[in-house]
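Asks: Following this message is one structure expressed as structure tokens.
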Amino acid sequence: MNLTKKFILLTFDVEDWFQVENFKEYISFDSWNSRELRVEKNTHTILNLLDSFTFKPKATFFVLGWIAQQLPHLVKEINNRGHEVANHGNLHHLLTKQPVTEIIKDLKQGKDILEDIIGKKIYGYRAPSFAINNEILKIIKETGHVYDSSFNSFSMHGRYGTIDLANKDKKGIATEISDNFYELSISNLTIRQNILPLGGGGYFRLIPFPMFKLGMNQVLKKDQAFLFYSHPWEFDPDQPRVEQASKGFKFRHYTNLDKTHKKFESLIKKFKNLNFTTCINYLEN
Ligand SMILES: [Zn+2]
Numbered sequence: 011m012n013l014t015k016k017f018i019l020l021t022f023d024v025e026d027w028f029q030v031e032n033f034k035e036y037i038s039f040d041s042w043n044s045r046e047l048r049v050e051k052n053t054h055t056i057l058n059l060l061d062s063f064t065f066k067p068k069a070t071f072f073v074l075g076w077i078a079q080q081l082p083h084l085v086k087e088i089n090n091r092g093h094e095v096a097n098h099g100n101l102h103h104l105l106t107k108q109p110v111t112e113i114i115k116d117l118k119q120g121k122d123i124l125e126d127i128i129g130k131k132i133y134g135y136r137a138p139s140f141a142i143n144n145e146i147l148k149i150i151k152e153t154g155h156v157y158d159s160s161f162n163s164f165s166m167h168g169r170y171g172t173i174d175l176a177n178k179d180k181k182g183i184a185t186e187i188s189d190n191f192y193e194l195s196i197s198n199l200t201i202r203q204n205i206l207p208l209g210g211g212g213y214f215r216l217i218p219f220p221m222f223k224l225g226m227n228q229v230l231k232k233d234q235a236f237l238f239y240s241h242p243w244e245f246d247p248d249q250p251r252v253e254q255a256s257k258g259f260k261f262r263h264y265t266n267l268d269k270t271h272k273k274f275e276s277l278i279k280k281f282k283n284l285n286f287t288t289c290i291n292y293l294e295n
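Position 153 of the sequence shown, counting from 1, maps to 163 under the working numbering, and the rest follow consecutively.
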């Protein structure tokens with residue numbers, strides 16, 4: 011891995027507004043088929059924004075198998091535009107609440123669907139809601155992935171999982187978990203002993219950009235790389251609203267959706283001198 015250069019890893023979890031964990035209580039799986047699919051248009055917004063820069067930044071898209079089956083041409087387009095397609099599982103299960111057999115099935119199905127569509131090997135996996143643990147990490151490796159990108163060290167969020175990274179070899183933001191298997195952790199800011207959420211998602215929408223940028227620079231100084239995450243629905247202020255959800259969930263999901271596009275554009279502009287690369291290219295660099 012080249013540590014003389016600095017890298018930005020942009021990652022997107024390609025799922026739709028009705029599949030998020032915050033709304034699971036109110037939107038049954040049986041109703042997914044009747045919901046308005048907005049992910050195609052929103053993913054195009056992201057692809058077009060990336061392509062609007064002359065240096066054509068490359069990103070990684072963790073696509074949900076269920077979405078890929080509805081929209082195989084979208085998966086092909088992400089791949090054709092030079093980005094990495096990776097696995098977000100098939101049905102957006104919260105893995106920490108699933109039996110082992112279901113986890114294996116979901117990971118394999120997601121990977122197989124994507125590989126069939128683009129005719130290429132899929133290397134990476136990201137768990138819904140970053141819910142992983144050491145056992146799930148083993149399954150991710152055993153189902154043929156080369157890396158996982160599900161570890162978010164911010165522990166105040168109830169759903170995020172945790173894994174043991176102590177005594178492992180870390181280069182930049184990649185930790186070698188076992189032979190030829192890596193963890194690419196979500197970037198957060200550590201100030202003394204405290205971990206502040208900075209990787210993206212709702213935190214990117216909430217934190218004013220000048221502060222977010224300062225935090226990114228701190229992380230880049232320490233790790234020489236920054237791993238950012240977002241979702242196509244975060245670029246869609248006009249999505250249908252799930253009014254029956256709790257105030258807290260609605261706040262997390264809907265705050266500042268109308269600002270994501272501009273803020274994200276600013277992020278790329280601000281860091282345009284760094285290397286925007288895919289997860290697998292980062293590992294192979
Ligand atoms: Zn997800």
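Ideal Cβ positions, reconstructed from N, Cα and C, are used throughout, including at glycine. Here the structure is a predicted model, which means the values were calculated and not measured.
Check whether the Cβ atoms of residue 138 and residue 98 sit closer than 8 Å, and answer yes or no.
Replies: Reading the sequence shown from its first residue, position 128 is the one you call residue 138. Reading the sequence shown from its first residue, position 88 is the one you call residue 98. Cβ atoms of residue 138 and residue 98: closer than 8 Å.
Asks: Can you tell which of 35, 55 and 290 has the C-alpha that lies nearest to the C-alpha of residue 156?
Replies: Here residue 156 refers to the residue found at position 146 when the sequence shown is read from its first residue. Looking at the Cα atoms, 290 is the closest of the given residues.
Asks: Between which two residues does the alpha helix (DSSP H) containing residue 216 stretch?
Replies: Here residue 216 is taken as the residue at index 206 of the sequence shown, counted from 1. Its alpha helix (DSSP H) spans residues 211-216.
Asks: Could you check which residue in 128, 190 and 162 has the C-alpha nearest to that of residue 81?
Replies: In the sequence shown, counting from the first residue as 1, residue 81 sits at position 71. Taking only the C-alpha atoms, the option nearest residue 81 is 128.
Asks: Among all the DSSP beta bridges, which residues are the ones paired with residue 201?
Replies: Residue mapping note: residue 201 aligns to position 191 of the sequence shown, counting from 1. Answer is 204.
Asks: Less than 6 Å between C-beta atoms, sequence neighbours within five positions excluded: which residues of the same chain meet that for residue 55?
Replies: Working through the sequence shown from its first residue, we reach residue 55 at position 45. Within the same chain, residue 55 has close Cβ partners 245.
Asks: Taking 8 Å as the cut-off, decide whether the C-beta atoms of residue 213 and residue 207 are in contact.
Replies: Position 203 of the sequence shown, counted from the start, is the residue given in the question as residue 213. Position 197 of the sequence shown, counted from the start, is the residue given in the question as residue 207. For residue 213 and residue 207, yes; Cβs fall inside 8 Å.
Asks: Would you call the CB atoms of residue 77 and residue 252 closer than 8 Å?
Replies: Walking along the sequence shown from the start, residue 77 turns up at place 67. Walking along the sequence shown from the start, residue 252 turns up at place 242. Result no, Cβ atoms of residue 77 and residue 252 do not sit closer than 8 Å.
Asks: Specify whether the stretch 194-207 and the stretch 216-235 touch according to this definition: at least 3 beta carbon pairs, one from each stretch, less than 8 Å apart.
Replies: yes
Asks: Between which two residues does the alpha helix (DSSP H) holding residue 222 run?
Replies: Against the sequence shown, residue 222 aligns to sequence position 212. 219-233 is the span of the alpha helix (DSSP H), which, as asked, contains residue 222.
Asks: For ligand 1, I want to know if residue 145 counts as a neighbour, meaning its beta carbon is within less than 7 Å of at least one of the ligand's heavy atoms.
Replies: In the sequence shown, residue 145 corresponds to position 135, counting from 1. Residue 145 Cβ: outside cutoff for every heavy atom of ligand 1.
Asks: When you compare only the Cα positions, how much space is there between residue 33 and residue 190?
Replies: As a working mapping, residue 33 is identified with position 23 in the sequence shown. As a working mapping, residue 190 is identified with position 180 in the sequence shown. Computed Cα separation, rounded: 36 Å.
Asks: May I ask you to list the residues that DSSP assigns as paired with residue 193?
Replies: Here residue 193 is taken as the residue at index 183 of the sequence shown, counted from 1. Residue 193 pairs with 158 and 185.
Asks: Within the same chain, show all residues whose beta-carbon is closer than 7 Å to that of residue 275, passing over the 5 residues directly before and after it, in chain order.
Replies: Residue numbering aside, residue 275 sits at position 265 when the sequence shown is read from its first letter. These residues qualify, in order along the chain: 59.
Asks: Give me the DSSP bridge partner(s) of residue 239.
Replies: Taking the sequence shown and counting its residues from 1, the one referred to as residue 239 is at position 229. Answer by DSSP bridge pairing, in chain order: 21 and 210.
Asks: Let me know if residue 224 comes out buried or exposed under the rule of 16 or more other beta-carbons within 10 Å of its beta-carbon.
Replies: Locating residue 224 in the sequence shown gives position 214, counting from the first residue. With fewer than 16 other Cβ atoms within 10 Å, it is exposed.
Asks: Would you mind working out which of 209, 72, 28 and 63 sits nearest residue 132, comparing C-alpha positions?
Replies: If you number the sequence shown from 1, residue 132 lands on position 122. Residue 72 is the option with its Cα nearest to residue 132.
Asks: Please name the residue or residues paired with residue 180 in a DSSP beta bridge.
Replies: Counted from its first residue, the sequence shown places residue 180 at position 170. Partner(s): 185.
Asks: Roughly how many whole angstroms lie between the Cα atoms of residue 250 and residue 27?
Replies: As a working note, residue 250 is residue 240 in the sequence shown. As a working note, residue 27 is residue 17 in the sequence shown. Cα-Cα distance, rounded: 8 Å.
Asks: Compute the distance between the beta-carbons of residue 258 and residue 238, then report whether it is under 8 Å.
Replies: The sequence position of residue 258 within the sequence shown is 248, counting from 1. The sequence position of residue 238 within the sequence shown is 228, counting from 1. No, Cβ-Cβ distance for residue 258 and residue 238 is not below 8 Å.
Asks: Spatial neighbours of residue 233 within its chain, please: CB distance less than 8 Å, with the 5 preceding and 5 following residues excluded, ordered by chain position.
Replies: In the sequence shown, residue 233 corresponds to position 223, counting from 1. 182, 183 and 197, listed in sequence order.
Asks: Using the rule of at least 16 other Cβ atoms within 10 Å of the residue's Cβ for burial, across every protein chain shown, is residue 111 buried or exposed?
Replies: Here residue 111 is taken as the residue at index 101 of the sequence shown, counted from 1. Exposed, because fewer than 16 other Cβ atoms sit within 10 Å of the Cβ of residue 111.
Asks: Hey, is residue 50 close to ligand 1, as in C-beta under 7 Å from one of its heavy atoms?
Replies: The residue labelled residue 50 in the question sits at position 40 within the sequence shown. Not so, every heavy atom of ligand 1 lies at least 7 Å from the Cβ.
Asks: Regarding residue 25 and ligand 1, is the C-beta to nearest heavy atom distance less than 7 Å?
Replies: Here the question's residue 25 lines up with position 15 in the sequence shown. Within the chosen limit of 7 Å, ligand 1 reaches the beta carbon of residue 25 through at least one heavy atom.
Asks: Could you tell me whether the stretch 17-31 touches the stretch 45-53, using the rule of 3 or more Cβ pairs below 8 Å?
Replies: yes
Asks: Just how far apart, CA to CA, sit residue 284 and residue 236?
Replies: The residue given as residue 284 occupies position 274 in the sequence shown. The residue given as residue 236 occupies position 226 in the sequence shown. If you draw a straight line from the Cα of residue 284 to the Cα of residue 236, it comes to about 10 Å.
Asks: Taking CB distances under 8 Å as the criterion, tell me whether residue 54 reaches chain C.
Replies: Structure shown: chain C not included; a single protein chain is present.
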